[in-house]
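Enquirer: Quick note, in the working numbering, the sequence shown goes up one by one and the last residue is 757.
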Amino acid sequence: MTQAARLAMTGEIALVTIDNPPVNTFSRHVRAALKTHFTALRGNPAVKAIVLACAGRTFVSGGDMREFETGILEPGYHEVLNLIEDSPVPVVAALHGTVMGAGVETAIACHFRIAAEGTRLGLPELSLGIIPGAGGTQRMPRLTGLAPALDMMLGGRPLGTAQALELGLLDRVVASEGAGDATAAALAFAEELVAAGQGPRRTRERSVAGAGQAAEEFARRRGELARTMKNRNSPHVLLEAVEAAVRLPFEQGLARERTLSDQVERAVEGRAFRHLFFGERELRRIPGLPADARPRPVAQVGIVGAGTMGGGIAMCFANAGIPVTIVDASQANLDRGLATIRKNYERSVARGKLDAAQLEERMSRITPSLDYTALGGADLIIEAVFENMALKKEIFARLDAVAKPGAILGTNTSTLDIDEIAAVTRRPEDVLGLHFFSPANVMQLLEIVQCAKTAPDVLVTALDVAKTIRKVGVVAKVCYGFIGNRMMDPYGREAERCVMEGATPEEVDRALEDFGMAMGILAVYDMAGVDIGHLTRVERAHLLPDDPSFYRPSALLVERGWLGQKSGRGYYRYDNPERRRTPDPEVVAMIRDEAARLGVPQRKPSAEEIRERCLYAMINEGARILEEGVALRPADIDIVYTSGYGFPRYRGGPMFYADTVGLQAVCEKLHSFRETLDPQYWQTAPLLERLARSGSSFAQWQAERTTTEPNAKD
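Set out below in structure tokens:
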């Protein structure tokens, strides 16, 4: 193995360079090498200062996440960073790239910090359900003051060099983004320190600025957390750790941080975030995909449909620097679509995310056309019209005639049979689903739907495209609704059934939002348009259950033209200037009358029952999806739901959540619902039943399958 850190001398300056590609994670090997070098340097009187730098594209980018599963191996973080801080000669950190988590904690254990222009520094641990556990909660408040340190740790957003310099986190910024220049500047700075006779400047020896107002500051932060991070534990634990920096001597505070860090790492919340972290890294591992499958080049993209979805998809590619041609049958649609795109970019300019020149540059990459032949040069063409099978088949037949050989044809359908769409072309191997989520230019998720005849290189290309446009690409197989929308059907069914039985829309949504869903399902319907799902159900009427109450509340709203936010009224009213949802007693009365007409017994489901019915119905369908092979892994389902459907990341997704509840408990509740509710909706998925009987979990089931899977492409 290559040495994880090497030592060289430059006159009186020792240069310790971490070299742990690709991103210099602070692994056990790095820590061991640093311990060796810094221990040796302590006894060398010829050394007057030390520079700590990193090879490659970034300074230490963070800790090794795998150690949170296996346990931190010796030497530990605190031991090594304390050794660095205890150095009898000044230690200067040379920073460049993206310095996160343990990288920042390493930097602030050094006595001085020099950064290349463009360096980003952050403590994003809360986004992983943990807290800074390598001294960050103790050193950062001493370095920047209490309030800025809390802003950095609770917000998680990285700082640029200007802000970091202003806060005192950096001592100097050099006008370069390269590792070599940062190191050279740090060596020069170290020579200045030696010439000035400057000794170590240990962060641990500082007091915390703002400590006198700590009680008020912590009370204010806890109030904010109650509003913005309800149900989460790690932010509150973080505050406890930072309180220790204010109240206790450094060594005692560090011990308290260690205890609290261990606590959150073992907690369900921390495990949930790590489950998603590792799951996202498995998404490109597709069992059975040939190792030699290579992506096709995608230098130009075509889009059919200039509506909300088409425009949002066009923005994704324009943002990535890829030229886009949008084709629509109507000039008015094209004009409206381009105006919407421009308005979206203007909002980004107003928020400081883009400047005017960047806006015009991105708009220049988007070309409108009324002529399908304008798509002839596209490497990838995405159809983004409304959900109508006949229309999509007509479009794909036209695309088959104009697209060049080797062009990939994608459909943005959210529910339809893509194999049926592919069959109208002479190139079904070039067809797949690319299901973007609305608004496409904002939402992270991209469902990549592999058809029966999709070529391996087409699938690999889609995964690469997802990465290029900064989407989380999850592969699914063809079925109604794929992963996300198929599981939404039983989820929404139970929400509407609870309303039919006597719960108000507000009670249903509040129960789900209190669980942590970003938005209750009925509010989601209002936002998307109540008619969208209704029209899909109308198309599939021959496949739906013989139950007049099935999704009846949505049907009633559509019959009255109450389609949600776009009409000012749906499950809620939106007649205030902020378009904030307000309860609508008329809707409640209308549903009560319909329930009476259909003979639906009236009662008031509790919040707990609402949550269990909606979530367990979703989980049950997820088990079917896994057994059918529509989703490759339980984590893939969890990523779909946390990235595209507002499921709380701190609960890990529906399948991880089921494991934390216990599959036996989930099954017992499903059996109970089968006895007390309509049994046709509560038949337990065979996989779920088997796992519950054997005391197993979805995670164990996946682990057993992984050992027998054929080689998968990374």
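In this text, a Cβ means the ideal position worked out from N, Cα and C, and glycines have one as well. Bear in mind that the values here come from a model prediction, so they are computed numbers and not experimental data.
(1) Looking at C-alpha atoms only, which residue of Glu55, Phe102, Val428 and Thr60 is the closest neighbour of valine 66?
(2) Roughly how far, in whole angstroms, is the beta-carbon of asparagine 387 from the beta-carbon of asparagine 484, given that I think they are within contact range, below 8 Å?
(3) Helix, strand or coil, according to DSSP, for isoleucine 384 in the structure here?
(4) One question on the structure: do glutamate 163 and glycine 203 come within less than 8 Å of each other, judged by their Cβ atoms?
(5) Using the beta-carbon count (16 or more within 10 Å), is aspartate 627 buried or exposed?
(6) Are three or more beta carbon pairs between the region 376 to 383 and the region 315 to 329 nearer than 8 Å?
(7) Mind checking whether valine 819 and arginine 74 have CB atoms under 8 Å apart?
(8) Can you list, in chain order, the residues of its chain whose CB lies under 8 Å from that of isoleucine 174, leaving out five sequence neighbours each side?
(9) Would you check if the distance between the CB atom of threonine 468 and the CB atom of valine 445 is smaller than 8 Å?
(10) According to DSSP, leucine 452 sits in a beta bridge with which residue or residues?
(11) With distance defined between alpha-carbon atoms, name the residue in Met560, Leu734 and Ala566 nearest to threonine 271.
(12) According to DSSP, which residues form a beta bridge with methionine 52?
(13) Please return the same chain residues whose Cβ sits closer than 8 Å to the Cβ of lysine 756, not counting the five positions on each side in sequence.
(14) I need the straight-line Cα distance from histidine 80 to phenylalanine 232, nearest angstrom please.
(15) Along the chain, where does the beta strand (DSSP E) containing cysteine 97 start, and where does it finish?
(16) So which of Pro648, Cys657, Tyr693 and Pro591 has the shortest CA-CA distance to leucine 565?
(17) Looking only at its chain, what residues have a beta carbon closer than 6 Å to the beta carbon of aspartate 107, apart from the 5 residues adjacent to it on each side?
(18) Check whether the region 618 to 634 touches the region 514 to 529, taking contact to mean three or more Cβ pairs, one atom from each stretch, closer than 8 Å.
(19) Going by DSSP, what residue range makes up the beta strand (DSSP E) through glutamate 621?
(20) Under three-state DSSP, which class holds proline 729?
(21) What does the alpha-carbon distance come out to for the pair lysine 396 and aspartate 422?
(22) Using a Cβ-Cβ cutoff of less than 8 Å, which residues in the same chain neighbour glutamine 46 once the five nearest sequence positions on both sides are dropped?
(23) Can you check the region 177 to 231 for any beta strand (DSSP E) of at least 3 residues that lies completely inside it and give the ranges in chain order?
(24) Tell me where the alpha helix (DSSP H) around glutamine 295 begins and ends.
(25) If you measure between the beta carbons of glycine 172 and alanine 399, is that distance less than 8 Å?
(26) Mark proline 548 as exposed unless 16 or more other C-beta atoms lie within 10 angstroms of its C-beta, in which case mark it buried.
(27) Got a sec? Which residues, its chain only, sit under 7 Å from glutamate 655 by beta carbon, not counting five neighbours each side?
(28) Give the straight-line distance between the Cα atoms of valine 135 and cysteine 153, rounded to the nearest whole angstrom.
(29) Where are the alpha helix (DSSP H) runs, 4 residues long or more, that stay fully inside the region 228 to 299, in chain order?
(30) Rounded to whole angstroms, how far is the Cβ of arginine 666 from the Cβ of leucine 731, which I believe are closer than 8 Å?
(31) Can you tell me which of the three DSSP states glycine 687 falls into?
(32) Are glycine 687 and leucine 319 closer than 8 Å when you measure CB to CB?
(33) Could you check what DSSP says for arginine 163 in three-state terms: helix, strand or coil?
(34) Would you report the Cα separation of alanine 363 and leucine 669, rounded to the nearest angstrom?
(35) Specify the secondary structure class of serine 739 as computed by DSSP and reduced to three states.
Expert: On the basis of the coordinates in this document:
(1) Phe102
(2) 6 Å
(3) Three-state DSSP puts isoleucine 384 in a helix.
(4) The identity of residue 163 in the sequence shown is arginine, whereas the question assumes glutamate. Yes, Cβ-Cβ distance for arginine 163 and glycine 203 is below 8 Å.
(5) buried
(6) Result no; under three Cβ-Cβ pairs closer than 8 Å.
(7) Given a span of 44 to 757 for the chain in the structure shown, any question on residue 819 remains unanswerable.
(8) Excluding positions up to five away in sequence, the list reads Glu168, Thr180, Met196, Ser277, Val280, Leu281, Ala284, Glu300, Leu303, Ser304 and Val307.
(9) no
(10) Answer is Ile424 and Val474.
(11) Met560
(12) Methionine 52 pairs with Ala57.
(13) Note that lysine 756 has pLDDT 49, beneath the 50 cutoff, so the model's placement of it is unreliable and the number below is only indicative. Here the set comprises Arg327, Arg328, Ile329, Leu332, Pro333, Ala334, Ala336 and Val503.
(14) 21 Å
(15) Here the beta strand (DSSP E) through cysteine 97 covers 92 to 97.
(16) Cys657
(17) Thr68 and Ser70
(18) no
(19) Per DSSP, glutamate 621 belongs to no beta strand (DSSP E) and is neither H nor E.
(20) helix
(21) 29 Å
(22) Excluding its 5 nearest sequence neighbours in each direction, glutamine 46 has C-beta neighbours in its own chain below 8 Å: Asp62 and Ala76, listed in chain order.
(23) 215 to 217
(24) Going by DSSP, glutamine 295 is part of the alpha helix (DSSP H) stretching over 293 to 309.
(25) The Cβ atoms of glycine 172 and alanine 399 do not sit closer than 8 Å to each other.
(26) buried
(27) Lys712
(28) 6 Å
(29) Contiguous alpha helix (DSSP H) elements confined to the region 228 to 299 occur at 257 to 271 and 277 to 290, taking only those with 4 or more residues.
(30) The sequence shown places alanine at residue 666, rather than the arginine named in the question. Correct: roughly 4 Å between the Cβ atoms.
(31) helix
(32) No.
(33) strand
(34) When only Cα atoms are considered, alanine 363 and leucine 669 end up about 33 Å apart.
(35) coil
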